[in-house]
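S.K.: Numbering-wise (our numbering), the sequence shown opens with residue 100 and increments by one.
We treat Cβ as the ideally placed atom computed from N, Cα and C, and that holds for glycine.
Just so it is clear, the structure is predicted and the values come from calculations on it, not from any experiment.
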Amino acid sequence: MSTARDVAREATEALRTGVAGDVFVPGDPGYDQARQPWLLSVDERPAMVVEAESAADVIAAVRFARSHGLRIAPQCTGHGAGSLEPLDSALLLRTSRMRGVRIDPDAQTARTDAGTLWQDVTVSASDHGLAALAGTSPVVGVTGYMLGGGLGWLARCYGQAANSLTAAEMVTPDGQLVRTDPDHEPDMFWAVRGGGGSVGVVTALEMRLYPVREAFAGVLFFPLRRAAEVLHSWREWTTSVPDEVTSVGRIMRFPPLPEVPDQLRGQAFALVEAAYLGDAGTGAELIAPLRQLGPEMDTFATIPVSALGQLHMDPTEPVPALGDGALLTDFSAAATDALVAVAGPAADTPLTSVEIRHLGGALGRPASGAGAQPSIDASYLLYNIGFGPTSEAAAAVRGHTQAVKDALAPWQASSGHYNFADQPVTADAVLSPDSYRRIRQIKANYDPDGVIISAHPV
Ligand SMILES: Cc1cc2nc3c(=O)[nH]c(=O)nc-3n(C[C@H](O)[C@H](O)[C@H](O)COP(=O)(O)OP(=O)(O)OC[C@H]3O[C@@H](n4cnc5c(N)ncnc54)[C@H](O)[C@@H]3O)c2cc1C
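Dropping the structure here:
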């Protein structure tokens, strides 16, 4: 494989004049900014960065990489950069300038260009009374999220977002633009629906939307010292709620940063976040048992479905964060005690957030005509995150992230979740054995030379 030094200057200049976007190699002004992912804790040093403006730019970049012995790492925001292998011999192909959404209100579908962020879709869709299966963060890229499955506030009702994809346009590793859907390139279409981005570069996606205008949603904040009581109550409550409720039990230590709202800055809470896809009366009845615990703050209200992007309080600007997660077969009383012991009031931990997401509902039932993640064989998901602006701080976050995973190891499922494994573990650790076997075959057919670098290598 080549490095930046091997790629001749004249060839790089030819690529620069051949694309509408920009090309950077190490030493260029702008290279450091162009290589920087949203996760500032990840130091990507690719041989070249191409910021594509269009599918034609993607084709040109892929063909250039192939003829100069570079591998290709497609990336939009870099929220998933923690899962990537080193990019030294790679062309980092950024799609973040390819931002565009088209809603078809009659067909209830959206078409998104490869660099589109979730907030672009949720806001446009809500103008038509429609909802997309977005995740908790409004600034995560639609493409990376979809390729990895996609778990959001509508998940227990409508399943993983990837299974609502109806078509993908892709540039193959040999530089051809193809349309994939159930009737065209069906193997490739199966692979992009939850199997990661290892078989080509997505230039556009098409997906189903759902007729949801509003949700009864909010957060109950309790002092951290009540973590055991709150998480036990939430855990029990999750066993009886309908599929229209998706919720999270969480321990948060808000950093003392100016970006954090005054009432939360520097404070620690046990909290419950939930969204109910229904009317406020029924929603209030559903959350009554948790409200009866007497939270310090209660933000539940009927909100437009596009406002769900604020519920989880994910940072919207790039941060030096590191995290990791695991699927859990169960979150029993013993698991709750184990979590509170390692992350609760008595724990000295640098983790900003330790959360348990409730799965089940539609996520547990195989979706018809699904892709590489037809269902999730686990009832809950653990995800931890902390800030590591220095190498010492990053090491401490890594250590505590692992300690929480170790504490919950007795309940860990046999596979992980593609989008919540922030380490460069291979795809067999985040897909079921059947899906991994099939994706290996598809990867071998489309990318026999292993040119495409994806979040979890196949
Ligand atoms: C703050 C935060 C909140 C999150 N919340 C959720 C959540 O609620 N639900 C959930 O499911 N996940 C969530 N995630 C995980 C997130 O979905 C993944 O990290 C996802 O990969 C991000 O997609 P991206 O395009 O923004 O990131 P990127 O890092 O740009 O892309 C991730 C990977 O996707 C692939 N990829 C991206 N674009 C292309 C392309 N055009 N062609 C081919 N492959 C491509 C590549 O393999 C790339 O490495 C969250 C992550 C963070 C950091």
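(1) In terms of alpha-carbon separation, which member of Gly168, Val439, Ala172 lies closest to valine 270?
(2) If I measure Cβ to Cβ from leucine 190 and keep anything under 8 Å in the same chain, skipping five residues before and after, which residues do I get?
(3) Give the single residue among Ile202, Val238, Gln391, Gly296 whose Cα lies nearest to the Cα of isoleucine 541.
(4) Given glycine 487, which residues of its chain have a CB within under 6 Å of its CB, disregarding the five upstream and five downstream residues?
(5) Quick check on serine 263: does DSSP put it in helix, strand or coil?
(6) Taking only heavy atoms of ligand 1 into account, decide whether any of them is closer than 6 Å to the Cβ of threonine 235.
(7) Could you tell me the distance, in whole angstroms, from the CA atom of leucine 308 to the CA atom of leucine 253?
(8) At a cut-off of 6 Å, is histidine 178 close to ligand 1 when judged by its beta-carbon and the heavy atoms of the ligand?
(9) Using the Cβ count rule (16 or more neighbours within 10 Å means buried), how would you classify threonine 525?
(10) Once the 5 residues before and after glutamine 409 are set aside, which same chain residues still bring their CB inside 7 Å of it?
(11) What ranges does the alpha helix (DSSP H) occupy inside the segment 230-284, keeping only unbroken runs of at least 4 residues that lie completely in it?
(12) Determine whether the beta carbon atoms of leucine 232 and glycine 251 lie at a separation below 7 Å.
(13) From what residue to what residue does the beta strand (DSSP E) around isoleucine 350 run?
(14) Measuring from the CB of threonine 500, is there a heavy atom of ligand 1 at a distance below 6 Å?
(15) Is threonine 428 near ligand 1, judged by its Cβ being under 6 Å from some heavy atom?
(16) What's the gap between the Cα of glutamine 218 and the Cα of proline 547?
(17) Measuring only the C-alpha atoms, how far is serine 229 from threonine 345?
(18) Taking arginine 196 as the reference, which of Ile202, Leu216, Ser182, Asp187 has the closest Cα?
(19) So does the segment 284-296 actually touch the segment 361-379, counting three or more Cβ pairs closer than 8 Å?
(20) Hey, could you find the ends of the beta strand (DSSP E) alanine 373 is sitting in?
(21) Start and end of the alpha helix (DSSP H) containing phenylalanine 163?
(22) For alanine 261, count neighbouring C-beta atoms within 10 Å of its own C-beta (all shown protein chains included) and say buried if the count is 16 or more, exposed if not.
(23) Could you check whether the segment 467-485 touches the segment 420-437, counting it as contact only if at least three pairs of C-beta atoms, one from each stretch, sit closer than 8 Å?
(24) Spatial neighbours of valine 311 within its chain, please: C-beta separation below 6 Å, excluding the five flanking residues on both sides.
(25) Evaluate the contact criterion for the segment 449-457 versus the segment 346-363: three or more CB pairs, one atom per stretch, below 8 Å.
(26) So for histidine 331, helix, strand or coil by DSSP?
(27) Which residue wins for smallest C-alpha separation from arginine 255, given the options Ala133, Pro125, Leu389, Thr338?
(28) From the DSSP secondary-structure annotation, give me the bridge partner or partners of alanine 316.
(29) Quick check on DSSP: helix, strand or coil for leucine 481?
(30) Please classify serine 405: does DSSP put it in a helix, a strand, or coil?
(31) Going by other Cβ atoms of all chains shown within 10 Å of its Cβ, with 16 needed for buried, is glutamine 490 buried or exposed?
(32) Taking only heavy atoms of ligand 1 into account, decide whether any of them is closer than 6 Å to the Cβ of asparagine 518.
(33) Going by CA-CA distance only, name the one from Gly243, Gln207, Ser534 that's closest to histidine 227.
(34) With a threshold of 16 other CB atoms inside 10 Å of the CB of glutamine 501, please say whether the residue is buried or exposed.
(35) Looking only at DSSP bridge pairs, what is arginine 307 linked to?
(36) Would you kindly work out how many angstroms separate the C-alpha atoms of alanine 440 and alanine 446, rounded to a whole number?
M.R.: On the basis of the supplied data:
(1) Comparing Cα-Cα distances from valine 270 to each of Gly168, Val439, Ala172, the minimum goes to Ala172.
(2) Result list for leucine 190: Pro145, Ala146, Met147, Val148, Val149, Ala160, Phe163, Ala164, Leu169, Arg170, Ile171, Ala172, in chain order.
(3) Out of Ile202, Val238, Gln391, Gly296, Gly296 has the C-alpha closest to the C-alpha of isoleucine 541.
(4) Excluding residues within five positions, the ones whose Cβ falls inside 6 Å are Ser140, Pro419, Leu421, Ala493, Val496.
(5) DSSP places serine 263 in the helix class (H, G or I) of the three-state scheme.
(6) For ligand 1, at least one heavy atom lies less than 6 Å from the Cβ of threonine 235.
(7) Straight-line Cα distance between these residues: approximately 11 Å.
(8) Flag set: Cβ of histidine 178 near ligand 1.
(9) Exposed, by the Cβ-count rule.
(10) For glutamine 409, where only same-chain residues beyond five positions count, there are no Cβ hits under 7 Å.
(11) The segment 230-284 contains these whole alpha helix (DSSP H) runs: 241-246, 254-257.
(12) Result yes, Cβ atoms of leucine 232 and glycine 251 sit closer than 7 Å.
(13) Element bounds for isoleucine 350: 344-352.
(14) No.
(15) Not so, every heavy atom of ligand 1 lies at least 6 Å from the Cβ.
(16) Their backbone Cα atoms lie some 36 Å apart in a straight line.
(17) According to the sequence provided, residue 229 is leucine. The question's serine does not apply to it. In this structure, the CA atom of leucine 229 is about 18 Å from the CA atom of threonine 345.
(18) Considering only Ile202, Leu216, Ser182, Asp187, the residue with the shortest C-alpha distance to arginine 196 is Leu216.
(19) The segment 284-296 vs the segment 361-379: no contact.
(20) 367-375 is the extent of the beta strand (DSSP E) around alanine 373.
(21) For phenylalanine 163, the enclosing alpha helix (DSSP H) covers residues 154-166.
(22) When all chains shown are included, alanine 261 counts as buried.
(23) Using a C-beta cut-off of 8 Å, the segment 467-485 makes contact with the segment 420-437, since at least three inter-stretch Cβ pairs fall below that distance.
(24) Here the set comprises Ala230, Leu376, Val404.
(25) Yes, they touch.
(26) DSSP places histidine 331 in helix when its eight states are reduced to three.
(27) Selected option, being the one with the closest Cα: Thr338.
(28) Partner(s): Ala374, Ala400.
(29) Strand at leucine 481.
(30) Reduced to three states, the DSSP call for serine 405 is helix.
(31) The question names glutamine, yet the displayed sequence has serine at residue 490. The residue in question, serine 490, is exposed, as its Cβ has fewer than 16 Cβ neighbours within 10 Å.
(32) True, at least one ligand heavy atom lies under 6 Å from that Cβ.
(33) Among Gly243, Gln207, Ser534, the Cα nearest to that of histidine 227 is on Gln207.
(34) Exposed.
(35) DSSP output for arginine 307 lists Thr208 as bridge partner(s).
(36) Between the alpha carbons of alanine 440 and alanine 446 lies a distance of about 7 Å.
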